[in-house]
Amino acid sequence: MDTKVLVFILFIVFGWSSWMDISGVFVELPIMVHKQPEGWNLPAYFTIIIQFANIGPITYGLLRKFRTSEAARDRLETATIYIITIVGALTMLFLAFFWQVTSYINGVEHSTVLLVLIFFLALVDCTSSVTFLPFAGKFRAEYTTAYYIGEGMCSFLPATLAFVQGSGEYECINTTTEANSTNTTSYSMQPRYDPLLFPVRDFFLALSSMIALSVMAFSLLNYSGYCKTEFTKSLKVKPEQEKGTVLSILSPVADDYKYNETSAEVEVKEGSRLTRMQLAFLVCVVSLLAFIIYGFLPSLQTYALLPYGHIYYSLGVKLSALSGLLAFLSGFCRVPQSFIAVGVLTGIVVACASYIIVIASYSPTPPVEGMVAAVCMVIVWVTLRAVISFLYIYITSMARKEGVSGLFWIGVGSQAGAGLGSILAFVLTSMLNLFQSAPPC
Numbered sequence: 284m285d286t287k288v289l290v291f292i293l294f295i296v297f298g299w300s301s302w303m304d305i306s307g308v309f310v311e312l313p314i315m316v317h318k319q320p321e322g323w324n325l326p327a328y329f330t331i332i333i334q335f336a337n338i339g340p341i342t343y344g345l346l347r348k349f350r351t352s353e354a355a356r357d358r359l360e361t362a363t364i365y366i367i368t369i370v371g372a373l374t375m376l377f378l379a380f381f382w383q384v385t386s387y388i389n390g391v392e393h394s395t396v397l398l399v400l401i402f403f404l405a406l407v408d409c410t411s412s413v414t415f416l417p418f419a420g421k422f423r424a425e426y427t428t429a430y431y432i433g434e435g436m437c438s439f440l441p442a443t444l445a446f447v448q449g450s451g452e453y454e455c456i457n458t459t460t461e462a463n464s465t466n467t468t469s470y471s472m473q474p475r476y477d478p479l480l481f482p483v484r485d486f487f488l489a490l491s492s493m494i495a496l497s498v499m500a501f502s503l504l505n506y507s508g509y510c511k512t513e514f515t516k517s518l519k520v521k522p523e524q525e526k527g528t529v530l531s532i533l534s535p536v537a538d539d540y541k542y543n544e545t546s547a548e549v550e551v552k553e554g555s556r557l558t559r560m561q562l563a564f565l566v567c568v569v570s571l572l573a574f575i576i577y578g579f580l581p582s583l584q585t586y587a588l589l590p591y592g593h594i595y596y597s598l599g600v601k602l603s604a605l606s607g608l609l610a611f612l613s614g615f616c617r618v619p620q621s622f623i624a625v626g627v628l629t630g631i632v633v634a635c636a637s638y639i640i641v642i643a644s645y646s647p648t649p650p651v652e653g654m655v656a657a658v659c660m661v662i663v664w665v666t667l668r669a670v671i672s673f674l675y676i677y678i679t680s681m682a683r684k685e686g687v688s689g690l691f692w693i694g695v696g697s698q699a700g701a702g703l704g705s706i707l708a709f710v711l712t713s714m715l716n717l718f719q720s721a722p723p724c
């Protein structure tokens, strides 16, 4: 049966809304961080709020557990996808017009509206992680490829749009202020920002429109008779149906599975299973990776890059977002599985993260300055993001040898690492103020 191009495209459009809104906000940080009262601590607030949003998938899981029939679960899944995508589009719309609104809490100015809306965006994205892929699994396996391509574009599209928008670079100019009451004149250096091709408002409106397109794509996929013809007869996918798709590419162990026609379940051959020590090692590695890239380091990005200049901070954020897609595309290559390779790549990650933490600790005056040092820092950030993205794919394919149980523990390790990292980073940056910021000029 041939793949229908229109259905393939619809899945790409549907998939790109999975984490597009949060990715979009993060690539706009170089412009927003100088205009919000939290300043360089703004990423730390974002990261800790995102962890609280895990209440979304937990709630969905509980609601699904109490629905015994498959039809009831399908209705819940459809309703949830509609709710989170529509809420995502509307939240981005509100963000476009109100992201700069602040208020005072206990005498301290905060980006109240921005932080509240970030929570809703994170709630949407976290919940999409447990609803989008199961929906894609109802279709023939090749359409899961399209979904993963769309998911890979959720950071690529905002980053590309941000490159077109401009970096928001500024120069410091001498400003004269005269006080008539005291007949005195004061001089100070103030930033003058270069004009953007389009403002932050238009950037968020564009993302809102793209998420709205995802809502339309989902409607067509779910209700169109043309698309329904691509449904699988069974939600269990045979390994031979997966060959040539992302399912087989992300899981090179497909050949180690056999399909039981009577039980309609996928079983694992004894020789292909992981030992407890091997699975524990993979879970620990994933926890460390999540601690670094999703928990701890996002809060330090401003302290590691901004001291070198706004342009390098902007490049680091945007190129890191692009590198995630490149690492995903590398998943289309069959790579032999090796625990030694996992160890070596993890060592590279730890080395890059250590360098970033050390440089951030010297903020706002890094020990090594100049263009070469700045370019090195950007390269380290991009390398870190790319290697971790590839390792996630690589480790997931290895953990699939343990079936649902293996993937469950990988997920637990990832969430635990990200939560611990975000809490620690928030305490160090926003409460203990161990990392120092500096004014633009």
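In the working numbering, the protein residues as written are 284 to 724. The beta carbon of each residue, even a glycine, is placed where N, CA and C say it ideally should be. Predicted model only: the values in this text are computed from it and were never measured.
Cβ-based burial, residue i [other Cβ within 10 Å; buried from 16]
i: Glu392; result: exposed
i: Leu404; result: buried
i: Val641; result: exposed
i: Ile432; result: buried
i: Asp477; result: exposed
i: Lys348; result: exposed
i: Val288; result: exposed
i: Leu480; result: exposed
i: Ile332; result: buried
i: Ala372; result: buried
i: Leu717; result: exposed
i: Phe380; result: exposed
Helix, strand or coil at residue i according to DSSP, with G and I counted as helix
i: Val633; result: helix
i: Ala537; result: Confidence is the limiting factor: at Ala537 the pLDDT is only 30, short of 50, which leaves the residue's position unreliable and the question unanswerable from this model.
i: Gln473; result: strand
i: Glu523; result: Because Glu523 carries a pLDDT of 38, less than 50, the predicted location of this residue cannot be relied on, and the following value inherits that uncertainty. DSSP places Glu523 in helix when its eight states are reduced to three.
i: Tyr453; result: strand
i: Glu392; result: strand
i: Ser411; result: helix
i: Phe422; result: strand
i: Tyr387; result: strand
i: Phe486; result: helix
i: Phe349; result: coil
i: Phe294; result: helix
i: Thr515; result: coil
i: Thr558; result: coil
i: Thr443; result: helix
Rounded separation between residue i and residue j - CA only
i: Pro417; j: Thr361; result: 11 angstroms
i: Val663; j: Ser507; result: 46 angstroms
i: Pro482; j: Leu715; result: 34 angstroms
i: Ala604; j: Leu598; result: 10 angstroms
i: His317; j: Ile594; result: 13 angstroms
i: Gln334; j: Leu703; result: 9 angstroms
i: Ile575; j: Arg668; result: 10 angstroms
i: Pro581; j: Thr512; result: 43 angstroms
i: Val447; j: Leu440; result: 11 angstroms
i: Ile623; j: Val670; result: 15 angstroms
i: Leu562; j: Gly451; result: 45 angstroms
i: Leu293; j: Leu503; result: 8 angstroms
i: Ala636; j: Gly630; result: 10 angstroms
i: Arg683; j: Tyr365; result: 30 angstroms
i: Leu397; j: Ser438; result: 20 angstroms
i: Tyr650; j: Leu602; result: It should be pointed out that residue 650 corresponds to Pro in this sequence rather than to Tyr. Roughly 24 angstroms between the two C-alpha positions.
i: Thr459; j: Val658; result: 35 angstroms
i: Ser720; j: Ser469; result: 24 angstroms
i: Lys552; j: Gly686; result: Model confidence at Lys552 stands at a pLDDT of 46, short of 50, so the residue's coordinates are unreliable; what they give is reported in the following sentence. Taking the straight line from one Cα to the other gives about 11 angstroms.
i: Ser713; j: Asp285; result: 55 angstroms
i: Gly653; j: Tyr387; result: 39 angstroms
i: Thr385; j: Thr395; result: 5 angstroms
i: Ser688; j: Leu557; result: 11 angstroms
i: Leu565; j: Ile401; result: 31 angstroms
Cβ-heavy atom distance, residue i to the ligand FMN, below 7 angstroms
i: Leu711; result: Of ligands this structure carries none, so the ligand FMN is not represented either.
Would you call the segment 337 to 350 in contact with the segment 408 to 415, where contact means no fewer than 3 C-beta pairs closer than 8 angstroms? yes
Evaluate the contact criterion for the segment 309 to 326 versus the segment 477 to 489: three or more CB pairs, one atom per stretch, below 8 angstroms. With the cut-off at 8 angstroms, the segment 309 to 326 and the segment 477 to 489 touch.
Counting only runs that start and end within the segment 681 to 716, where is the alpha helix (DSSP H) found for 4 or more residues in a row? 686 to 709
Looking at C-beta atoms only, is the number of pairs between the segment 490 to 506 and the segment 288 to 298 that lie closer than 8 angstroms three or more? Under the Cβ criterion (8 angstroms, minimum of three pairs), the segment 490 to 506 counts as touching the segment 288 to 298.
Between the segment 671 to 680 and the segment 564 to 571, do at least 3 Cβ pairs fall closer than 8 angstroms? Put simply, the segment 671 to 680 touches the segment 564 to 571. At least three CB pairs are less than 8 angstroms apart.
Considering only residues of the segment 573 to 601, which uninterrupted alpha helix (DSSP H) runs meet the minimum length of 4 residues and lie entirely inside it, listed in chain order? 584 to 588
Which residue spans inside the segment 320 to 375 form an unbroken alpha helix (DSSP H) run of at least 4? 325 to 335 and 338 to 348
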